[in-house]
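Single-structure report; data block below.
In this note's numbering, the protein residues as written are 1 to 76.
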């Protein structure tokens, strides 16, 4: 989102009614447990990462998919 779009988006919050604000807060709060879970899984998996094909631990980050870090094997 561009900075100007973000400013317009945030300015609209002042015009929401109570029910709309509660719905927005519920949507924002629902991601917190998922974000914590992803962080925990990545921290536990990081020292154990290896290529499933050649078992090499030499990997590099290769984007994200569904909120999870993707890796690519360097030797393969």
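Note that the Cβ used here is the ideal one computed from N, Cα and C, for glycine as well.
Bear in mind that the values here come from a model prediction, so they are computed numbers and not experimental data.
Shown here for residue 69: same chain residues with a beta carbon closer than 7 Å to its own, the five before and five after excluded, namely 42, 61 in chain order. In the structure shown, residue 53 falls within a coil segment according to DSSP collapsed to helix, strand and coil.
Look at residue 68 here: in three-state DSSP terms it is strand. Residue pairing of residue 73 in beta bridges, as defined by DSSP: 59.
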